[in-house]
Each structure stands twice: as structure tokens, then as C-alpha cells.
Amino acid sequence: MTGPLRIGFIPLVDAAALIVAVDKGFAAAEGLDVTLVREVSWSNVRDKLNIGLFDAAHLLAPVAIASSLGLGHVKVPIVASFNLGLNGNAITVSPALHAAIMAEIDGDPFDPMVTALALSRVVAARRNSGTEPLTFGMTFPFSTHNYQLRFWMAAGGVDPDEDVHMVVLPPPYMVDSLASGQVDAFCVGAPWNSVAVDLGVGHILHFVSDILVRAAEKVLAVRQNWSEKNPQVLAALIRAASRAAEFIEQPENRAEAARMLARPERIGVDADVILRTLDGRLKISPDGTMRESSRYLLVGREGAARPEPAQAAWLYAQMVRWGQAAISPEALRIAEGAFRPDLYDSALGLPGGDADPPAFGSVGAFAGPVFDPADITGYLASFEVFRRAP
Amino acid sequence: MGSESSPKIVIVDESPIRAAILEEGLREAGFTGVVHISEMQNLLARIYALDPDVILIDLENPSRDVLEQMFQVSRAVRRPIAMFVDQSDAASIQASVDAGVSAYIVDGLKKERIKPILDLCISRFNAFAKLQDELDRAKSALEDRKVIDRAKGILMKLKGLTEDEAYVLLRSTAMREKKKIGEIAQSILTASELLK
């Protein structure tokens with residue numbers, strides 16, 4: 009047994025591999041004594057990880073990069089050596105905005121380019137009639153949710169900083185804010201989209217997998233200096249999380265995993281909602297319309313758990329695109345270096361090297377050219393809507 | 003009011019008692035411009051309207067993430083606000099996180115002017131936690147006494163004991179089993195419910 013570990017998490021379904029690793033005994037089998045600490049904000053998780061109150065944390069992938077770069081906050085190098093999930097978010101809109109978009113739609117409503125163009129017509133009509141701009145809720149400035157919303161609407165010509173309001177809201181407040189009209193739409197992880205649909209206050213417009221085929225969402229993060237001092241402990245943690253991810257991905261285990269996650273001291277929502285999320289089978293409209301996707305949330309399957317530096321580079325490119333970070337080869341190197349497939353491979357006894365197949369290393373966005381980490385300037389120049397760093 | 007006089011302080015806290023304790027402490031220390039926000043709706047808009055020099059928020063508050071947006075949308079803010087995290091002052095950060103409070107300050111406010119505010123904040127938050135703890139303990143002691151009284155009653159009735167004898171039996175059982183008297187009393191109540 010190593011010394012006790014304290015690991016922070018936010019009650020979301022994409023903490024599944026971490027929670028199951030502990031509650032199903034995979035961590036103990038690796039000789040780890042883990043206490044999971046449920047947190048209420050990403051700021052708390054980041055700060056407690058940074059100052060050493062947590063040994064590891066369930067963290068937004070972009071926060072690991074921002075912290076390593078010292079963006080918006082104190083600079084503490086963070087390493088992500090296990091990816092807790094790919095995708096898993098959805099964009100939910102109010103019934104009124106849903107009706108407005110559907111009235112303008114010209115094509116397949118699951119095609120994000122079609123909806124983005126419809127949104128731009130809705131936005132233009134509101135501007136012409138002097139109506140208040142639409143407000144979109146997301147979870148954190150350095151979040152996949154922020155970048156996914158921006159990527160989507162900008163593809164249709166909507167400038168997220170000029171044409172609409174983007175506001176941060178804690179996930180548990182999203183549904184109420186949509187119901188009260190404080191926001192017109194939001195992008196958030198499970199279970200909150202389903203909760204809005206079940207209450208009849210929202211329609212799921214998109215799974216983020218419509219926008220990006222593979223988007224690194226949450227990582228298992230540790231401080232870089234901690235990883236250097238505790239390589240064996242980190243390797244054991246990666247193995248425990250990996251076994252948990254494999255367990256969750258077996259369909260026959262999902263009901264048990266969902267019950268484990270549903271406990272009040274873990275995620276604390278209905279096991280059935282969690283099961284639907286893991287299965288990628290979601291009710292998208294209050295009228296009961298269901299939608300299935302094999303890409304809704306990937307916990308370990310299709311190489312999802314391996315942290316790919318190209319994913320980190322794409323997230324860094326979004327920070328540059330929206331004026332959060334200046335562009336520099338040094339910053340790119342730091343961002344890519346926050347994702348550590350080498351630690352993942354060595355913990356699991358894998359041969360290492362590049363993503364295999366290569367497609368596992370790409371985000372697969374619905375718009376824009378294929379992303380090339382070696383040419384972020386060229387990549388960003390192809391987009392009409394972007395900010396410059398201040 | 004300029005930042006050279008008394009800085010304007012906003013307390014974001016859903017606990018009215020803790021906010022009152024902190025506010026009182028700040029006023030006693032001569033900080034007169036203190037505003038308490040307890041309602042989280044439109045938090046950012048209200049903060050912009052108040053235009054504070056210092057923002058104090060409890061760590062149990064999910065709306066802390068909302069404040070992080072202040073660093074991003076600089077167009078909407080008249081003055082940039084930075085979190086009070088001086089990399090050289092790790093002890094102070096640790097103490098504030100331990101106490102459960104976080105501080106944000108406007109850029110340019112001198113560190114020596116912030117230090118007394120943060121120290122006061124930490125001590126008042128700790129005092130509140132101690133108070134809460136004592137209250138919880140008093141509550142549970144009261145609960146224990148009720149449970150023990152009921153268990154004594156059951157023992158007296160079933161075994162024909164006096165009140166003192168019933169208590170001695172509870173206490174000796176607790177000592178033998180290395181448990182609290184309250185726990186033994188609770189198991190007697192549970193058993194008697196089951197055997198009804």
C-alpha cells in the first residue's frame with residue numbers, strides 16, 4: 009500500500025472511470041488507498057490540485073493546458089496521463105430557440121453546418137428587430153464546452169463575442185437558467201442535458217460528437233512534479249483507471265456501473281439517466297423522441313483513454329483563436345507536453361509511438377481544414393471568425 | 003470611493019450568518035465599503051455594477067466558476083481583476099483554501115493592503131466553522147441524550163432495573179464493545195423496533 013491519495017472530482021458522468029476504479033476495487037487491487045473528494049467548482053478542483061491538497065483530479069482537458077501555460081491563473085505544470093473520456097457533451101436549446109432554428113432550417117437538423125446557418129439567420133433577425141442577443145451558457149472559460157459552442161456557431165458566421173452573449177454557469181444551475189430564460193441554450197456534460205429534456209424545458213440540438221468526432225473532454229490530472237516524484241503510484245493509478253474504463257465499456261457491466269455512479273456521494277442522479285448516457289441513447293425532445301449514437305461518450309473504447317498530444321494542440325489552437333492565448337512555438341510545445349501518452353503506454357506495457365490508427369490522434373471537426381499541429385497559424389487563418397490575443 | 007481610501011469589498015456567500023460575521027469583522031477593522039451578495043442570479047452583472055476592489059467568495063459556492071470569466075471578457079470589465087495568488091505566498095493561499103474562502107482583487111491593489119483583509123477573512127471563516135462544529139456537536143449530544151433516555155426506559159421495563167442500573171448496564175456494555183453509549187442505546191432501540 010502506498011500513502012493515502014486524495015482525488016478531486018466533479019459529479020459528472022465522465023468521472024466514471026475514476027469513480028469505478030475506486031468503488032469497484034481496481035485502485036485497491038493496485039495497492040492504492042484513494043479517497044474521492046466531490047467538489048462544486050472547476051476553480052476549486054484546479055486550486056486544490058495546484059497547491060497540493062489533491063494528489064490527482066478529474067479535470068477539464070483545457071484547464072490542464074491553461075494551468076501548464078499559466079493562462080488566467082497561476083502557472084503550475086500539469087500532466088494528463090489518462091483521458092477519462094472523449095465527447096459526452098451536448099448542446100441544448102430552449103423550446104423557443106428550437107422552434108426559431110427549425111423555422112429557418114434548410115437540410116438535415118443533425119448536420120451542425122445546417123443548424124449553424126439557421127442560427128445565424130435567427131441571430132440576424134433578432135438584430136434587425138432590435139431584440140436582445142441570445143445568451144449561451146457554458147461551464148468554464150477554459151472548457152471544451154466553450155470551444156465546442158464557439159466552433160459550431162462560428163462555422164455558420166455567428167461571432168460568439170459580438171453576436172451573442174457567452175456566460176459561465178455551474179452545471180447544476182444550467183437547467184434552472186434555461187427554464188427561467190436567463191440563457192437560451194447551453195453546452196454541458198451529462199446528466200444535465202437529459203434533465204432539461206425530461207423537465208420539458210429544453211431540446212438537445214446536438215451531441216458534440218456531431219461537431220467533433222473525437223474531442224478530449226476530461227483528464228486524470230496530476231502536478232508534473234508529483235508525477236516525477238511518484239512514478240510508480242501514477243502508473244498504478246493509470247492501470248486502475250484503465251481497468252475501470254474496460255469494465256464500463258462492457259455492455260453487461262453498465263447497469264452495475266450506473267448504480268455505482270448514481271450514489272448520492274458520487275454523481276447523485278438517477279441510475280437510469282447515467283445508463284442512457286453510457287449507452288449513448290438519449291431522449292432529445294420533451295415529446296419523447298430518442299436518438300442513439302455510438303459516439304456520445306467514449307470511456308476507453310477506440311483508444312479513448314490514451315491522451316493524444318494532437319488533441320492538446322487543437323485545444324491550444326482554440327485558446328489562440330478566441331484570444332485567450334498568444335501564439336508561440338514554446339506555448340504549443342508546453343500544451344502538447346501536458347498530454348503524456350508515454351506515461352500511459354509505459355504504465356500499461358504498450359509499445360508506444362504515435363496514435364494507432366492515426367485517426368485516433370485527430371479531432372475530426374465538421375468544418376475547416378484537417379487540423380495540423382505543425383501549422384496552427386495556417387489552420388486558424390482558414391476561419392473567418394476569430395479573435396486576436398489582447 | 004477610490005482604492006486609496008477604504009477598498010470596496012464584495013462578499014459572495016449564500017450563508018447569511020457567515021457573511022454577517024465576516025462583514026462585521028471587516029467593519030470593525032475599518033473597512034466600511036462592504037456589500038454582501040447572497041443571490042447567485044446574474045452574479046457577474048451585479049459585480050460589474052458594484053465595481054469592487056476585492057471579491058471574497060466561499061469555496062462551497064459553485065458560482066466561483068462564474069467569477070473566473072472576469073479574466074476573459076475584458077471588454078465588459080472596466081478594470082481587470084486578478085486572483086490573489088501570489089506565487090511567493092503559498093502559506094497564505096493554503097490557509098485561505100483550508101478555511102474555505104477565496105479572494106479576487108483588482109489588478110494593481112497593493113499586496114500589503116490586501117493581506118489584512120485576507121487574514122481577517124481566514125480567521126472569521128475558521129471561527130464560523132468552529133461555531134458550526136460546536137453547534138453540530140451540541141445537536142448530536144442532545145440527540146444522544148434522547149436516544150439514551152429511551153434505551154434506559156426499555157431496559158428498565160424489560161429487565162426490571164432502576165434508572166441508574168439501566169445506565170450502568172449501557173455504559174459497561176459500551177466499554178466492553180469499545181463503542182459509544184449512544185451507539186449501544188441506538189442498537190437497543192433498533193432491536194426493540196424489530197422485535198415489536
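In the order they appear, the protein sequences are chains A and B. Just so we're aligned, residue 9 is where the first sequence starts under our numbering, counting upward by one. Just so we're aligned, residue 3 is where the second sequence starts under our numbering, counting upward by one. Note that beta-carbon positions come from the ideal geometry of N, C-alpha and C, so glycine has one too.
Could you have a look at residue i and say whether DSSP puts it in helix, strand or coil?
i: Ser104/B; result: strand
i: Glu257/A; result: helix
i: Val48/A; result: coil
i: Gly155/B; result: helix
i: Ala31/B; result: coil
i: Ala193/A; result: strand
i: Leu77/A; result: helix
i: Leu191/B; result: helix
i: Thr100/A; result: strand
i: Leu23/A; result: With the sequence shown as reference, residue 23/A is identified as Ala, and Leu is not the correct amino acid for it. Here Ala23/A sits in helix by DSSP.
i: Glu225/A; result: strand
i: Gly33/A; result: coil
i: Asn91/A; result: strand
i: Asp278/A; result: coil
i: Val183/A; result: helix
i: Ile292/A; result: coil
i: Val371/A; result: coil
i: Asp109/B; result: coil
i: Ala21/B; result: helix
i: Thr147/A; result: coil
i: Asp383/A; result: helix
i: Ala65/A; result: strand
With a threshold of 16 other CB atoms inside 10 Å of the CB of residue i, please say whether the residue is buried or exposed.
i: Val216/A; result: buried
i: Leu351/A; result: buried
i: Asn233/A; result: exposed
i: Glu47/A; result: buried
i: Met268/A; result: buried
i: Ala334/A; result: exposed
i: Ser89/A; result: buried
i: Ala107/A; result: exposed
i: Pro259/A; result: exposed
i: Gly4/B; result: With a pLDDT of only 43 at Gly4/B, under the threshold of 50, the placement of this residue in the model should not be trusted, and no figure is reported.
i: Ile147/B; result: This sequence places Arg at residue 147/B; Ile is not what is there. The residue is exposed, with fewer than 16 neighbouring Cβ atoms inside 10 Å.
i: Leu58/B; result: buried
i: Glu70/B; result: buried
i: Gln74/B; result: buried
By the criterion of Cβ-Cβ separation under 8 Å, what are the contact partners of residue i in chain B?
i: Ile59/A; result: Ala92, Ile95, Gln96, Val99
i: Gln319/A; result: None at all; the shortest Cβ gap to chain B is about 22 Å.
Note down, in chain order, every chain D residue with its Cβ under 7 Å from the Cβ of residue i.
i: Asn52/A; result: This model lacks chain D altogether; the protein chains it does include are A and B.
Could you check whether residue j and residue i sit closer than 8 Å to each other, using their CB atoms as the reference points?
i: Val221/A; j: Val378/A; result: no
i: Leu157/A; j: Ile342/A; result: no
i: Pro64/B; j: Lys10/B; result: no
i: Ala375/A; j: Ala163/A; result: yes
i: Ala65/A; j: Ile113/A; result: no
i: Asn154/A; j: Met146/A; result: yes
i: Asn97/A; j: Val172/A; result: no
i: Gly102/B; j: Phe127/B; result: yes
i: Arg66/B; j: Asn58/A; result: no
i: Asn95/A; j: Ala313/A; result: no
Taking Cβ-Cβ distances shorter than 8 Å, what residues in chain A pair up with residue i?
i: Phe73/B; result: Gly80, His81, Pro149
i: Glu16/B; result: Correct list: empty, because the minimum Cβ distance to chain A is about 11 Å.
i: Glu41/B; result: The contacting residues do not exist; Glu41/B stays about 12 Å from chain A at best.
Going along chain A in order, which residues have a C-beta closer than 9 Å to the C-beta of residue i?
i: Gln188/B; result: Within 9 Å Cβ-Cβ: nothing; Gln188/B doesn't reach chain A, min ~22 Å.
So with CB distances below 7 Å, who are the chain B contacts of residue i?
i: Gln232/A; result: Here the premise fails: no neighbours, minimum Cβ distance about 15 Å.
i: Pro12/A; result: Here the premise fails: no neighbours, minimum Cβ distance about 18 Å.
i: Lys56/A; result: Val99
i: Val176/A; result: Asp67, Val68, Glu70, Gln71
Mind listing the chain B neighbours of residue i? Cutoff is C-beta to C-beta under 9 Å, in chain order.
i: Val209/A; result: Here the premise fails: no neighbours, minimum Cβ distance about 16 Å.
For the segment 107-137 of chain B, which residues have a beta carbon sitting closer than 7 Å to at least one beta carbon of chain A?
none
Members of the segment 326-355 of chain A near chain B, C-beta cut-off 8 Å:
Gln332
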